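Colleague:
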Amino acid sequence: MARKLPPLKALRAFEAAARHLSFTRAAEELHVTRAAISQQVALLEEQLNTRLFVRLNRALRLTEAGRACLPEIQQGFDLLGSGVERAVQEEMRGALVVSCSPSLASKWLVSRLDEFGRQLPGVDVRLHAQYGLPDFHDDEVDVAIHFGADAFAEELSADLLFPAAVVPLCSPALLQGRERLRKPADLVRFRLLHDEALNQDPDHPGWANWLEAFAVDGVDASRGAHFSHTMLALDAAAEGQGVLLAIDRLAAPEVRAGRLAVPFDLRLPLRAAYRLVVPRGWLQRPKVQLFRDWLLASAAADPDPLSAALASRSARRRTEPRDRPPRPAREPE
Numbered sequence: 076m077a078r079k080l081p082p083l084k085a086l087r088a089f090e091a092a093a094r095h096l097s098f099t100r101a102a103e104e105l106h107v108t109r110a111a112i113s114q115q116v117a118l119l120e121e122q123l124n125t126r127l128f129v130r131l132n133r134a135l136r137l138t139e140a141g142r143a144c145l146p147e148i149q150q151g152f153d154l155l156g157s158g159v160e161r162a163v164q165e166e167m168r169g170a171l172v173v174s175c176s177p178s179l180a181s182k183w184l185v186s187r188l189d190e191f192g193r194q195l196p197g198v199d200v201r202l203h204a205q206y207g208l209p210d211f212h213d214d215e216v217d218v219a220i221h222f223g224a225d226a227f228a229e230e231l232s233a234d235l236l237f238p239a240a241v242v243p244l245c246s247p248a249l250l251q252g253r254e255r256l257r258k259p260a261d262l263v264r265f266r267l268l269h270d271e272a273l274n275q276d277p278d279h280p281g282w283a284n285w286l287e288a289f290a291v292d293g294v295d296a297s298r299g300a301h302f303s304h305t306m307l308a309l310d311a312a313a314e315g316q317g318v319l320l321a322i323d324r325l326a327a328p329e330v331r332a333g334r335l336a337v338p339f340d341l342r343l344p345l346r347a348a349y350r351l352v353v354p355r356g357w358l359q360r361p362k363v364q365l366f367r368d369w370l371l372a373s374a375a376a377d378p379d380p381l382s383a384a385l386a387s388r389s390a391r392r393r394t395e396p397r398d399r400p401p402r403p404a405r406e407p408e
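For the sequence shown, counting from 1, position 72 maps to 147 in my numbering; every step adds exactly one.
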């Protein structure tokens with residue numbers, strides 16, 4: 076049979092007041108008013124049909140009934156706390172499943188997961204690389220890092236991680252020699268590379284949009300090689316096969332490593348952005364909350380990685396020793 080228990084709020088008010096022997100101090104502990112504690116205790120006494128306190132002018136004393144029930148009520152709260160803590164620990168043991176596009180996972184997220192593991196060693200991350208927004212229930216995904224300009228359903232929370240823009244990229248080899256790429260109009264002499272993975276988004280601008288935005292005439296935006304995956308397109312650009320239009324944040328690691336260069340830093344902002352998407356009802360899950368806080372802080376600490384990469388490469392080139400031809404040996408006089 077179901078037990079008929081008094082309201083938990085009333086039992087909690089009684090336990091705090093009995094421990095402090097003061098309605099005022101119990102109210103401070105529970106962040107309520109003294110009148111609220113007095114009202115809850117009176118409600119409990121009414122339901123139990125017995126007095127629990129003797130109310131004196133400036134003091135409070137437990138009755139025999141109050142002293143008799145206090146230890147087991149305190150034990151009950153201890154057991155409730157232990158049960159809640161055990162549920163939290165069990166939740167933290169399971170893996171946190173993160174959905175993310177393959178390109179951002181490879182070029183931004185994976186390198187940071189080690190830091191997350193050091194800060195929160197009890198949470199194991201299972202990375203699920205996929206395009207598009209997952210079905211959180213059917214795909215068993217906890218959080219998603221989503222790229223797009225979508226309007227999200229009311230039941231989803233979406234935090235902006237960082238905006239995005241597209242920028243031209245090419246092999247550093249294309250910036251050398253007499254026929255090097257100097258200015259946007261020179262693109263007429265180079266093959267254009269197209270990332271079809273991004274072009275699947277109708278809001279994602281391609282070469283035609285970029286050329287129009289920066290008033291570059293005479294370049295056929297439809298020609299060139301097409302790639303179904305961002306990583307393939309980046310590899311092709313790094314090998315000198317042409318000039319790729321790519322998202323600035325994905326380009327930063329390649330520029331920093333010297334595999335790719337930015338021939339002209341003309342970025343075209345996108346409507347789409349990277350966002351952390353979580354079902355609102357899951358925001359209070361401990362591991363989801365911890366990952367969300369960490370990810371937002373990590374994104375805020377890295378506002379414009381491409382500019383930092385360009386500055387780093389420029390400074391490195393200035394300090395690198397240049398090869399000089401040996402001086403000819405002087406003939407003896």
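Glycine residues also receive a C-beta, built at the ideal position from the N, C-alpha and C atoms. Since this is a predicted model, take the numbers as computed values, not measurements.
So what's Val185 in DSSP terms, helix, strand or just coil?
Modeller: Counting from 1 along the sequence shown, the entry for residue 185 is found at position 110. In the structure shown, Val185 sits in a helix (DSSP, three-state: H, G or I).
Colleague: According to DSSP, simplified to helix, strand and coil, what is Arg201?
Modeller: Within the sequence shown, numbered from 1, the residue matching residue 201 stands at position 126. The answer is strand: DSSP assigns Arg201 an E or B state.
Colleague: Taking the Cβ atom as the reference point for each residue, do Leu202 and Val173 lie within a distance shorter than 8 angstroms?
Modeller: The residue you call residue 202 lines up with position 127 of the sequence shown. The residue you call residue 173 lines up with position 98 of the sequence shown. The answer is yes: Cβ separation under 8 angstroms.
Colleague: Pick helix, strand or coil for Val291, following the three-state DSSP scheme.
Modeller: What you label residue 291 is simply residue 216 of the sequence shown in a count that begins at 1. Looking at Val291 - three-state DSSP - the assignment turns out to be coil, as it is neither helix nor strand.
Colleague: Please state whether DSSP places Gly158 in a helix, a strand or coil.
Modeller: Sequence index remark: in the sequence shown, residue 158 carries index 83 (1-based). Residue state, collapsed to three classes: helix.
Colleague: Would you say Thr305 and Ser186 are within 8 angstroms of each other, going by their C-beta atoms?
Modeller: Indexing the sequence shown from 1 puts residue 305 at position 230. Indexing the sequence shown from 1 puts residue 186 at position 111. No, Cβ-Cβ distance for Thr305 and Ser186 is not below 8 angstroms.
Colleague: Who are the Cβ neighbours of Leu184 in its own chain at under 6 angstroms, not counting the five residues just before and after it?
Modeller: In the sequence shown, residue 184 corresponds to position 109, counting from 1. Excluding positions up to five away in sequence, the list reads Cys175.
Colleague: Taking DSSP's pairing of strands, which residues face Ala233 in a bridge?
Modeller: Sequence index remark: in the sequence shown, residue 233 carries index 158 (1-based). Ala233 pairs with Val352.
Colleague: Arg331 to Val242, Cα distance in whole Å?
Modeller: Position 256 of the sequence shown holds residue 331. Position 167 of the sequence shown holds residue 242. Their backbone Cα atoms lie some 15 angstroms apart in a straight line.
Colleague: Measuring CB atoms only, is the stretch 245-258 touching the stretch 364-371, in the sense that at least three cross pairs come out at less than 8 angstroms?
Modeller: no
Colleague: Classify Ala226 as helix, strand or coil using the three-state DSSP reduction.
Modeller: Residue numbering aside, residue 226 sits at position 151 when the sequence shown is read from its first letter. Three-state result, Ala226: coil.
Colleague: Considering only residues of the same chain and omitting the five flanking positions on each side of Pro81, which have a CB-CB separation below 6 angstroms?
Modeller: For the purposes of this step, residue 81 is taken as residue 6 along the sequence shown, with counting starting at 1. Answer for Pro81: Leu119 and Gln122, listed in chain order.
Colleague: Which one of Leu86, Ala111 and Ala327 has the shortest CA to CA distance from Leu155?
Modeller: Sequence index remark: in the sequence shown, residue 155 carries index 80 (1-based). With distances taken between Cα atoms, Leu155 lies closest to Leu86.
Colleague: Please name the residue or residues paired with Pro243 in a DSSP beta bridge.
Modeller: In the sequence shown, the residue the question calls residue 243 occupies position 168. Pro243 pairs with Leu320.
Colleague: Could you tell me the distance, in whole angstroms, from the CA atom of Leu215 to the CA atom of Ala239?
Modeller: Taking the sequence shown and counting its residues from 1, one reaches residue 215 at position 140. Taking the sequence shown and counting its residues from 1, one reaches residue 239 at position 164. Rather than Leu, the amino acid found at residue 215 in this sequence is Glu. About 28 angstroms.
Colleague: Beta strand (DSSP E) containing Ala433: first to last residue?
Modeller: Only positions 76 to 408 of the chain appear in the structure, and residue 433 is not among them; the question remains open.
Colleague: Under 8 angstroms, do Ala321 and Ala308 count as touching if we go by C-beta distance?
Modeller: By 1-based counting over the sequence shown, the position of residue 321 is 246. By 1-based counting over the sequence shown, the position of residue 308 is 233. Contact flag set, yes.
Colleague: Classify Phe289: buried if its beta carbon has 16 or more other beta carbons within 10 angstroms, exposed otherwise.
Modeller: By one-based count along the sequence shown, residue 289 stands at place 214. Exposed, since its Cβ has fewer than 16 Cβ neighbours within 10 Å.
Colleague: For Trp282, collect the residues of the same chain with a Cβ closer than 6 angstroms to its Cβ; drop the 5 residues on either side in sequence, then sort them by chain order.
Modeller: Numbered from 1 along the sequence shown, position 207 holds the residue referred to as residue 282. Contacts found: Leu267, Ala296 and Leu320.
Colleague: According to DSSP, is Ser373 part of a helix, a strand, or is it coil?
Modeller: Translated into positions along the sequence shown, residue 373 becomes position 298. Helix, per DSSP.
Colleague: What are the start and end residues of the alpha helix (DSSP H) that includes His95?
Modeller: For the purposes of this step, residue 95 is taken as residue 20 along the sequence shown, with counting starting at 1. Per DSSP, His95 belongs to the alpha helix (DSSP H) from Leu83 to His95.
Colleague: Any chance you could list the beta strand (DSSP E) runs of at least 3 consecutive residues sitting entirely within the stretch 98-181, in chain order?
Modeller: DSSP runs (the beta strand (DSSP E)) wholly in the stretch 98-181: 128-130, 135-137 and 171-175.
Colleague: Return the Cβ separation of Leu171 and Val198 in integer angstroms, given the expectation that the two are a contact with Cβ distance under 8 angstroms.
Modeller: Against the sequence shown, residue 171 aligns to sequence position 96. Against the sequence shown, residue 198 aligns to sequence position 123. Indeed, because the Cβ distance is near 6 angstroms, the residues count as touching under 8 angstroms.
Colleague: Does DSSP classify Pro344 as helix, strand or coil?
Modeller: Indexing the sequence shown from 1 puts residue 344 at position 269. In the structure shown, Pro344 sits in a strand (DSSP, three-state: E or B).
Colleague: According to DSSP, is Leu80 helix, strand or coil?
Modeller: For the purposes of this step, residue 80 is taken as the residue at position 5 of the sequence shown. The answer is coil: DSSP assigns Leu80 none of H, G, I, E or B.
Colleague: What residue range does the beta strand (DSSP E) around Leu267 cover?
Modeller: Within the sequence shown, numbered from 1, the residue matching residue 267 stands at position 192. That run of the beta strand (DSSP E) goes Leu267 to Asp270.
Colleague: Grab the span of the alpha helix (DSSP H) containing Leu309 for me, first residue to last.
Modeller: On the sequence shown, position 234 is the one that residue 309 refers to. Where Leu309 is concerned, the enclosing alpha helix (DSSP H) stretches over Thr305 to Ala313.
Colleague: So which of Asp189, Asp225 and Gly333 has the shortest CA-CA distance to Leu250?
Modeller: Here residue 250 is taken as the residue at index 175 of the sequence shown, counted from 1. When only C-alpha atoms are compared, the closest one is Gly333.
Colleague: How about Val318 and Leu244: do their beta carbons lie closer than 8 angstroms?
Modeller: Translated into the one-based positions of the sequence shown, residue 318 becomes position 243. Translated into the one-based positions of the sequence shown, residue 244 becomes position 169. Cβ distance < 8 angstroms, so Val318 and Leu244 count as in contact.
Colleague: What does the alpha-carbon distance come out to for the pair Ser113 and Phe98?
Modeller: Stepping through the sequence shown from its first residue, residue 113 is reached at position 38. Stepping through the sequence shown from its first residue, residue 98 is reached at position 23. Taking the straight line from one Cα to the other gives about 7 angstroms.
Colleague: For Leu83, which option in Val116, Ala375 and Leu325 has the closest C-alpha, if you only look at C-alpha atoms?
Modeller: For the purposes of this step, residue 83 is taken as residue 8 along the sequence shown, with counting starting at 1. Of the candidates Val116, Ala375 and Leu325, the one whose C-alpha sits nearest the C-alpha of Leu83 is Val116.
Colleague: Nearest to Arg360 by alpha carbon, out of Ala326, Ala386 and Gly169?
Modeller: Here residue 360 refers to the residue found at position 285 when the sequence shown is read from its first residue. Answer by Cα proximity: Gly169.
Colleague: Pull the bridge partners of His279 from the DSSP assignment, please.
Modeller: For the purposes of this step, residue 279 is identified with residue 204 of the sequence shown, where counting begins at 1. BP columns for His279 are empty, so no partner.
Colleague: Assuming contact is defined by CB atoms lying nearer than 8 angstroms, are Ala180 and Ala204 in contact in what I supplied?
Modeller: Taking the sequence shown and counting its residues from 1, one reaches residue 180 at position 105. Taking the sequence shown and counting its residues from 1, one reaches residue 204 at position 129. Yes.
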